[in-house]
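Note sheet for the following structure.
Residue numbers (my numbering): 457 to 701.
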């Protein structure tokens, strides 16, 4: 418990800056029923995020079953720890102390990040990195100013340059970063990169609420039952009180 409290207080300045950015968010338009998107998102997460961030409230086997990945394929391509089993929790091997030393704070677990931040915030955040030589990792972020992590998807997007706009703040003119533009040297073009980020965010949304689709489907059955039950009760009430009135 003490460890979590210390980590939280260490991250408060960064969280305050992130909350104060006040940047319009783009809509992720996720589709949790799209298994191809979820599978690609899982691949991106394991290859680009899992090196620093765990997803320790999920199990490999459950993820494979939910999003339609054969277990053998999961073992061969998405489980990098030779000692891990398919029934294990998805914990990475980076030591917390080393991570805190390298990044200033231990990288948070991402199982519930979509529920905490929101899918639109994540989608916009991952598309808002830009080159900034003044930062320790050479990048900054429009949504999360003074971000403390590298642009891990840079090889997919290329190196993004900031787009500035002059705005009047407190009566003075300031150059503000309002967008980014890739140098075009990434593996994906802009549209493909946006789709890849959407798949990654889609997987993170699934991670935070694996039974969301099942719960929504069950909800319709519950509503239908309540409607039918209400009709039956009303008819029964009329029949019961017919002789009285």
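Note that beta-carbon positions come from the ideal geometry of N, C-alpha and C, so glycine has one too. Computed from a predicted structure; not experimentally measured.
Problem set entry | Reference residue 651; option with closest CA among 563, 490, 478 | Nearest Cα to residue 651 within the set 563, 490, 478: 490.
Exercise. Within 10 angstroms of its Cβ, does residue 625 collect 16 or more other Cβ (buried), or is it exposed?
Worked result: Answer is exposed; the Cβ neighbour count stays below 16.
Exercise. Name the DSSP bridge partner or partners of residue 632?
Worked result: Answer by DSSP bridge pairing, in chain order: 621.
Problem set entry | residue 597: first and last residue of the uninterrupted beta strand (DSSP E) it sits in | Where residue 597 is concerned, the enclosing beta strand (DSSP E) stretches over 595 to 597.
Exercise. For residue 578 versus residue 569, is the C-beta distance shorter than 9 Å?
Worked result: Cβ distance < 9 Å, so residue 578 and residue 569 count as in contact.
Exercise. Along the chain, where does the alpha helix (DSSP H) that runs through residue 663 open and close?
Worked result: Following the DSSP letters along the chain, one finds residue 663 inside the alpha helix (DSSP H) bounded by residues 646 to 664.
Exercise. Would you call the region 478 to 498 and the region 662 to 674 in contact, with 3 or more CB pairs under 8 Å?
Worked result: Result yes; three or more Cβ-Cβ pairs closer than 8 Å.
Problem set entry | DSSP three-state assignment for residue 671, whether helix, strand or coil | Look at residue 671 here: in three-state DSSP terms it is helix.
For this session: Tell me, please, whether the region 546 to 555 touches the region 511 to 519 by the rule of three or more beta-carbon pairs shorter than 8 Å.
Result: At 8 Å Cβ cutoff, the stretches touch.
Exercise. Using 8 Å as the Cβ pair cut-off and three pairs as the minimum, do the region 644 to 662 and the region 490 to 501 touch?
Worked result: The region 644 to 662 vs the region 490 to 501: in contact.
Problem set entry | Environment of residue 484 [buried if 16+ CB atoms lie within 10 Å] | Residue 484 should be labelled buried.
Exercise. If you drop the 5 nearest sequence neighbours on each side, which residues of the same chain put their C-beta closer than 8 Å to that of residue 636?
Worked result: Excluding sequence positions up to five before and after residue 636, its CB lies within less than 8 Å of the CB of 583, 584, 585, 586, 598, 616, 617, 618, 619, all in the same chain and listed in chain order.
Exercise. So what's residue 605 in DSSP terms, helix, strand or just coil?
Worked result: Correct three-state label for residue 605: coil.
Exercise. How many angstroms separate the CA atom of residue 621 from the CA atom of residue 633?
Worked result: Going by the C-alpha atoms only, they are around 6 Å apart.
Exercise. Which first and last residues belong to the beta strand (DSSP E) in which residue 585 is found?
Worked result: Looking at the DSSP string, the run of the beta strand (DSSP E) that includes residue 585 is 585 to 587.
For this session: Let me know if residue 563 comes out buried or exposed under the rule of 16 or more other beta-carbons within 10 Å of its beta-carbon.
Result: By the 16-neighbour rule on beta-carbons within 10 angstroms, residue 563 is buried.
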